[in-house]
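**Student:** Structure in structure tokens, see below.
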Amino acid sequence: MNVTTKLLALLAAIAIWGVSLPAWADWSTPLSFSNADLTQQDFSGQSLQAAELSNANLELTDFSNADLRGAVLSASVLTKTNLHGADLTNAMADQSKFFDTDLSDAVLVESILLGSTFEQVDITGADFSDAILDRLQVKDFCAYASGTNPTTGIKTRDSLGCR
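If you count the sequence shown from 1, you need to add 6 to reach our numbering.
This is the structure in structure tokens:
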């Protein structure tokens with residue numbers, strides 16, 4: 007190889023390496039709020055993808071229109087929590103307590119909700135397509151499910167498999 011070829015190969019390697027640097031700069035670890043008291047916090051409209059919120063107190067917390075795809079909310083307390091329009095696709099919220107929670111227009115596609123308790127929850131327009139719920143949860147939701155999710159266009163009753 008002559009000097010010109012070596013120089014061109016070196017410049018090409020530097021250019022390729024330099025182009026990949028921005029991808030490294032954008033990488034970040036998910037937010038972690040495990041065991042945290044987030045009472046009355048405002049996360050409305052925020053991106054919280056893959057956030058760790060397990061065993062957290064989320065009472066009166068506002069997650070309206072937040073991006074919670076892949077978030078972990080296991081064993082958390084969601085009393086009077088606002089999840090209106092939130093995207094909880096692939097979220098894990100097993101063993102959580104939902105009381106007087108607003109899940110209206112939320113997207114819960116492929117989320118895991120096993121062992122969670124739901125009391126006085128607004129699910130109008132929520133999409134539970136392919137979500138994993140206890141059979142009793144589905145039965146209870148089907149008793150009052152209504153609306154169509156504005157994001158996915160899926161009827162709440164259809165997403166739950168109600169008859």
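Glycine included, C-beta positions come from ideal geometry on N, C-alpha and C. None of the values given here were measured: they were computed from a predicted structure.
1) Tell me which residues share the same chain as Y150 and place their Cβ nearer than 8 Å to its Cβ, disregarding the 5 neighbours each side in the sequence.
2) Per DSSP, V113 is paired with what?
3) Using the C-alpha atoms, what's the distance from G159 back to F105?
4) Any idea what DSSP makes of V83, helix, strand or coil?
5) Cutting at 7 Å between CB atoms, please list the residues of its own chain near V83, excluding the five before and the five after it.
6) By the 10 Å Cβ neighbour count, where 16 or more other Cβ atoms means buried, how is L142 classified, buried or exposed?
7) Spatial neighbours of Q126 within its chain, please: C-beta separation below 7 Å, excluding the five flanking residues on both sides.
8) Just curious, the alpha helix (DSSP H) that T162 is in, first and last residue?
9) Quick check on G167: buried or exposed, where buried means 16 or more other Cβ atoms within 10 Å of its Cβ?
10) In the DSSP assignment, the alpha helix (DSSP H) including F147 goes from what residue to what residue?
11) If you compare alpha carbons, which of D108, L37, Q101 and T87 is closest to G76?
12) Leaving out the 5 sequence neighbours to the left and right, which residues in its chain are closer than 7 Å to D48 when beta-carbon positions are compared?
13) Can you tell me whether D106 is helix, strand or coil according to DSSP?
14) Which residue from A97, T157, L119 and G51 puts its Cα closest to that of D133?
15) Nearest-angstrom Cα distance between E58 and F147?
16) Quick one: residues in its chain with C-beta nearer than 6 Å to the C-beta of M98, no 5 flanking neighbours on either side, listed in chain order?
17) Beta-carbon within less than 8 Å of D93's beta-carbon, same chain only, minus the 5 sequence neighbours each way: which residues are those?
**Tutor:** Let me lay it out:
1) The count along the sequence shown starts at 1 and reaches residue 150 at position 144. Contacts found: I129.
2) As a position in the sequence shown, residue 113 is number 107, starting the count at 1. V113 pairs with D93 and D133.
3) In the sequence shown, the residue the question calls residue 105 occupies position 99. In the sequence shown, the residue the question calls residue 159 occupies position 153. Distance between the alpha carbons of F105 and G159 is about 26 Å.
4) To locate residue 83, count along the sequence shown from 1; it is residue 77. DSSP places V83 in strand when its eight states are reduced to three.
5) The residue labelled residue 83 in the question sits at position 77 within the sequence shown. Cβ within range, chain order: N63, L64, E65 and K103.
6) Mapped onto the sequence shown, residue 142 falls at position 136. By the 10 Å Cβ count, L142 comes out exposed.
7) As a first step, residue 126 is located in the sequence shown; it is residue number 120 there, counting from the start. Same-chain partners within the cutoff: F105 and D106.
8) Along the sequence shown, read from residue 1 onward, the residue named residue 162 stands at position 156. Where T162 is concerned, the enclosing alpha helix (DSSP H) stretches over T162 to L166.
9) Residue numbering aside, residue 167 sits at position 161 when the sequence shown is read from its first letter. G167 should be labelled exposed.
10) Along the sequence shown, one-based indexing puts residue 147 at 141. For F147, the enclosing alpha helix (DSSP H) begins and ends at R141 to C148.
11) Taking the first residue of the sequence shown as position 1, residue 76 is located at position 70. Answer by Cα proximity: L37.
12) If you number the sequence shown from 1, residue 48 lands on position 42. Same-chain partners within the cutoff: D68.
13) Translated into the one-based positions of the sequence shown, residue 106 becomes position 100. D106 falls in the coil class under three-state DSSP.
14) For the purposes of this step, residue 133 is taken as residue 127 along the sequence shown, with counting starting at 1. The shortest Cα separation from D133 among A97, T157, L119 and G51 belongs to T157.
15) Mapped onto the sequence shown, residue 58 falls at position 52. Mapped onto the sequence shown, residue 147 falls at position 141. Their backbone Cα atoms lie some 27 Å apart in a straight line.
16) Along the sequence shown, one-based indexing puts residue 98 at 92. Contacts found: V78, S80 and I118.
17) By 1-based counting over the sequence shown, the position of residue 93 is 87. Same-chain partners within the cutoff: A72, D73, L74, R75, A112, V113 and T157.
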